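Single-structure report; data block below.
There are 2 protein chains.
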Amino acid sequence: MKQMILAVCMAWGFCPVTSAQQTDSVTIRSFFNKALGNGRAYDDLHYLCKNIGHRISGSAQAQQAVEFTFERMKSYGFDTVYLQEVMVPQWVRGAKETAFVTAGGKKIMDLHVTALGNSVGTGAAGASGKVVEVFSLKELEKLGRAVIEGNIVFYNRPFNDEHIVSFEAYRDAVDQRSSGAAEAAKYGAAAVVVRSMTHSLDDFPHTGALRYADGVKPIAAIAVSTADAEKMHELLIKNKDLKINLTTFCEMRPDVKSYNVIGELRGRVHPEEIITVGGHLDSWDIGEGAHDDGAGCVQSIEALRLFKLTGIKPARTLRCVMFMNEENGLRGGKVYAEQAALKKEKHYAAIESDRGGFTPRGFSVEAEADTVARMQRWVKLLAPYGLDKIEQGGGGADISPLNTQGTVLIGYVPDSQRYFDVHHAATDVFESVNKRELAMGAASMAAMLWLLSEYGF
Amino acid sequence: MKQMILAVCMAWGFCPVTSAQQTDSVTIRSFFNKALGNGRAYDDLHYLCKNIGHRISGSAQAQQAVEFTFERMKSYGFDTVYLQEVMVPQWVRGAKETAFVTAGGKKIMDLHVTALGNSVGTGAAGASGKVVEVFSLKELEKLGRAVIEGNIVFYNRPFNDEHIVSFEAYRDAVDQRSSGAAEAAKYGAAAVVVRSMTHSLDDFPHTGALRYADGVKPIAAIAVSTADAEKMHELLIKNKDLKINLTTFCEMRPDVKSYNVIGELRGRVHPEEIITVGGHLDSWDIGEGAHDDGAGCVQSIEALRLFKLTGIKPARTLRCVMFMNEENGLRGGKVYAEQAALKKEKHYAAIESDRGGFTPRGFSVEAEADTVARMQRWVKLLAPYGLDKIEQGGGGADISPLNTQGTVLIGYVPDSQRYFDVHHAATDVFESVNKRELAMGAASMAAMLWLLSEYGF
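Just so you know, the sequences run in chain order A and B.
Counting in my numbering, the first sequence runs from 1 upward without gaps.
Counting in my numbering, the second sequence runs from 1001 upward without gaps.
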């Protein structure tokens, strides 16, 4: 009977507590004690947000962030700290964008807008046209050139609030931002205005990347705040002949040199097996990139620092990476994987934190179901810290290029409810991050690094 | 083998999905859909915070909150809505308190302070004395009258940041606030200054209730911000002869009449069995009582509204209660239980939401272990919404007087990390509450009401 219970329990992803697990629980507890009682993540984030600020790829601030995190890793005594060269795109916003609505030639409403990342500018001449409100790319296609040409497409499909995980609402809406301009350009639109990607109803526009289609002349694209999107919708019910005038000055400049920042703790048993942990150092050029992804950066550094602080030497090599250019090119992640392949490095696993510095909920794992099921034996050790779930799911953008190298990709999953309130907006500032939530995330990642390093899959 | 697996699984708190559970999952999903997509909790909280504001027992605002929630329950179409008379203490702060530190007769620092709830005032004459810093009531006792008499006791034991659940840090520190004045008075202290009950290091003092000891003359008591407490500690290292002058104008007035506000949905099968769900309508007289406990109030109303909205009739009677006077007397909770006993009502279970309007984590249950284990069969239904834990633990202050009537007491447990940032402070305002987190709490409570109502223990 005992064996059968054991078999059944194992099948359900549980096993009895062993003395190894008791040691593990002490180790994990020590990570949380240090992170909460003597952590540096919050102070490091403060520096990144307040002394440096937002740090779009190719900017002076991005370079300052490279230097700052390099120095921090050195000061924390990591075994090796180095830079990895990455050529990055340099998208520049230029003068502040403006947009307003007119009716019968009269201005009736200023809009809270921000140019979308990678978009072309209108220049001083601006763009204007009749507003054509659509709720999907499909609807755009139906309307076709007859309706769209020369006009301004207003994508206004809101987040579906009924999703429990806010990333699912984002996933369902983001095609408007990423492909809206490319699709509208095919039908000769003058420009596009996209409802901001957020659950929140407020005056803050949220930027984010778009992609243009090859062979189609790119058009200007801006995001508008959700509150203004709602107001425009109401106005359009009464008057179909609204126009928008918009002016943006952004441009894409030639690539410039930047860096991934890398720090290592050498493995005591399998130094050749690497477990990467990272976030992305670049951010958009509004707000302070606090949750996205200053949090993931300082947590990754802190996770390795917790090993130093507790005197725990990992069996496998732990490598902390500040990826450059996740937001508008993913060049850092691509170069990192290329170099790994070139150097024939064995990348055992990789963890990314890029869902904000919120309270811990678990990990999502890009691997076969049986690998995930084996990892679920650790839930018992992690649940006391709020990490109740290890589930199949995405790892993260920066580590995704490692997927061809057999690396198990793991996403740190904090609570998602507040993320899109601030994501890519002026509200993504240090003050929106809670010290304890941030610290617990760092300890959560250290705990997973420990389990991966000691036991593996 | 199948039976054995079943037996083992049941022992582990799991059972296979039945069609009843499939129906339950649809019902629970519908609560979350309505709460997130069409909820009223956030708007109701906005009214409570912005149109009424803080609402200490006996105040005009408390009366406005009674009238507002009464009308709201009526407007939502509850079967019965009524008031239950409660006599409440009326503690009044009076003119704004002040405190400052002197060294050698010179003022060196103003302090951010707030009088502790229920405390006596110094009046215009103020109180002053040498600062005696202690870290525990035990240390105070050791020092005794020789050191304490005529002086000002400064309780400065901080929250232990290593606790994962922030309520445990509160539990370990709060004796300084609740009993510090009573104990110091025994040794002839002039007054007490208590470090604020928070993890956060900032300039906001946190109030909260104290109790004086019978037969000992009460002394004035104030809370000081954590940042100021740290500064005073540093100053005291260099100079043991610091003095504090403080002036407070608070007083306890005779009891006044107030009300619990009660709304019911009558049970379709067992109308005589009552399941209570509630929060407390009173708050402290600073901030807006948003998380504490405006959130719990609007969530309780919303939980019943979700039944109306989905057209789901509960098997047992659901009763929503806005308890009056949790903060400084618990009179509402006491009267409610007294009346229940007097009327021989059968109170089957009670749920309280008084831990803030944060993201859902689970429920804590004041019952025998086997009752809790049986309730854990519902975790499978609740986990998709972040409710991963049903555990033995406290129910809540307002419902605690029902414990002699065989009622199972249940606390709704949201994430605790941010609660003490705002608890009893000027920062507990509407803006600190996230719409989705608040709504998910209401749906969580509706889900538990449904399961209790249909299946019970």
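All residues carry an ideal CB built from backbone N, CA and C; glycine is no exception.
Here the structure is a predicted model, which is why all the values come from computation and not from measurement.
Given a limit of 8 angstroms on CB to CB distance, which residues of the stretch 1021 to 1040 of chain B reach chain A? Phe1032, Asn1033, Leu1036, Gly1037
Secondary structure at Glu1326 of chain B, three-state DSSP: helix, strand or coil? coil
With H, G and I counted as helix, E and B as strand and the rest as coil, what does DSSP make of Tyr1259 of chain B? Three-state DSSP puts Tyr1259 of chain B in a strand.
Could you tell me whether any Cβ in chain A is nearer than 8 angstroms to the Cβ of Asp1044 of chain B? Closer than 8 angstroms: no.
Can you name the residues of chain B whose CB is closer than 9 angstroms to the CB of Arg418 of chain A? Below the 9 angstroms Cβ cutoff, chain B contributes Thr1359, Asn1434, Arg1436, Glu1437 as neighbours of Arg418 of chain A, in chain order.
Quick check: is the beta carbon of Pro1271 of chain B nearer than 8 angstroms to any beta carbon in chain A? no
If you measure from the beta carbon of His424 of chain A to each beta carbon in chain B, is any gap under 8 angstroms? no
Quick check: Leu281 of chain A and Phe323 of chain A, are their CB atoms within less than 8 angstroms of each other? yes
By Cβ distance below 8 angstroms, which residues in the same chain neighbour Leu1083 of chain B in space, the five residues on each side in sequence not counted? Val1066, Phe1070, Tyr1259, Asn1260, Val1261, Ile1262
DSSP three-state label for Tyr187 of chain A, please. coil
Enumerate, from N- to C-terminal direction, the unbroken beta strand (DSSP E) stretches of 3 or more residues contained entirely within the stretch 1152 to 1200 of chain B. 1152 to 1155, 1191 to 1195
Can you give the Cα-Cα distance for Asp1354 of chain B and Gln1064 of chain B, rounded to whole angstroms? Rounded to whole angstroms, Asp1354 of chain B to Gln1064 of chain B spans 20 angstroms at the Cα level.
Using alpha carbons as the reference points, say which of B:Gly1121, B:Asp1202, B:Leu1235, B:Lys1034 lies closest to Glu1133 of chain B. B:Leu1235
Is Asp388 of chain A close to chain B, meaning its C-beta is less than 8 angstroms from at least one C-beta of that chain? yes
Helix, strand or coil at Ala442 of chain A according to DSSP, with G and I counted as helix: helix
Report, in whole angstroms, the separation of the C-beta atoms of Gly129 of chain A and Ala190 of chain A, which I expect to be a contact under 8 angstroms. 4 angstroms
Residues of the stretch 1138 to 1166 of chain B with a CB closer than 7 angstroms to any CB of chain A: list them in chain order, please. The residues in question are Asp1161, Glu1162, Ile1164.
According to DSSP, simplified to helix, strand and coil, what is Phe1249 of chain B? coil
For a cutoff of 8 angstroms on Cβ pairs, would you count Tyr998 of chain B as touching chain A? Shown here, chain B extends from 1001 to 1457; a query on residue 998 of chain B therefore has no answer.
Express the C-alpha separation of Phe430 of chain A and Cys49 of chain A in angstroms, rounding to a whole number. 6 angstroms
What do you get for Ala213 of chain A, buried or exposed, if any count of 16 or more other CB atoms within 10 angstroms of its CB means buried? exposed
Cutting at 7 angstroms between CB atoms, please list the residues of its own chain near Glu454 of chain A, excluding the five before and the five after it. Ala315
Any beta carbon from chain B within less than 8 angstroms of Asp415 of chain A's own beta carbon? Cβ-Cβ to chain B under 8 angstroms: yes for Asp415 of chain A.
Quick check: the Cα distance between Ala1125 of chain B and Thr1247 of chain B, rounded to an integer number of angstroms? Ala1125 of chain B and Thr1247 of chain B have their C-alpha atoms roughly 7 angstroms apart.
Could you spell out the range, first to last residue, of the alpha helix (DSSP H) harbouring Gln1061 of chain B? Judged by DSSP secondary structure, Gln1061 of chain B falls within the alpha helix (DSSP H) whose first and last residues are 1060 to 1075.
Ends of the alpha helix (DSSP H) at Tyr348 of chain A? Run containing Tyr348 of chain A: none in the alpha helix (DSSP H); it sits in the beta strand (DSSP E), 346 to 352.
Below 8 angstroms, can you find three or more Cβ-Cβ pairs linking the stretch 340 to 352 of chain A to the stretch 402 to 413 of chain A? Yes: the two stretches touch, three or more of their Cβ pairs being nearer than 8 angstroms.
Between the CA atoms of Glu327 of chain A and Asn1434 of chain B - distance to the nearest angstrom: 26 angstroms
Reference Gly332 of chain A, options A:Gly180, A:Val86, A:Ile222, A:Pro254, closest by Cα: A:Val86
Please decide whether Tyr1385 of chain B counts as near chain A, where near means a Cβ-Cβ distance under 8 angstroms. Yes, its Cβ sits closer than 8 angstroms to a Cβ of chain A.
Per DSSP, which residues does Met375 of chain A bridge with? Please list them. In DSSP, Met375 of chain A forms no bridge with anything.
Applying a beta-carbon distance threshold of less than 8 angstroms, which residues of chain A neighbour Lys1199 of chain B? Note on residue identity: the sequence assigns His, not Lys, to residue 1199 of chain B. Chain-ordered, the chain A residues with CB closer than 8 angstroms to the CB of His1199 of chain B read Lys435, Arg436.
Can you look up Leu6 of chain A in the DSSP assignment and give me helix, strand or coil? Note that Leu6 of chain A scores a pLDDT of 39, beneath 50, so its modelled location is shaky; the value from the coordinates is reported in the next line. In the structure shown, Leu6 of chain A sits in a helix (DSSP, three-state: H, G or I).
Ends of the alpha helix (DSSP H) at Tyr385 of chain A? Looking at the DSSP string, Tyr385 of chain A is not in any alpha helix (DSSP H), and its letter there is neither H nor E.
When the Cβ atoms of the stretch 106 to 114 of chain A are set against those of the stretch 288 to 300 of chain A, are three or more pairs found closer than 8 angstroms? no
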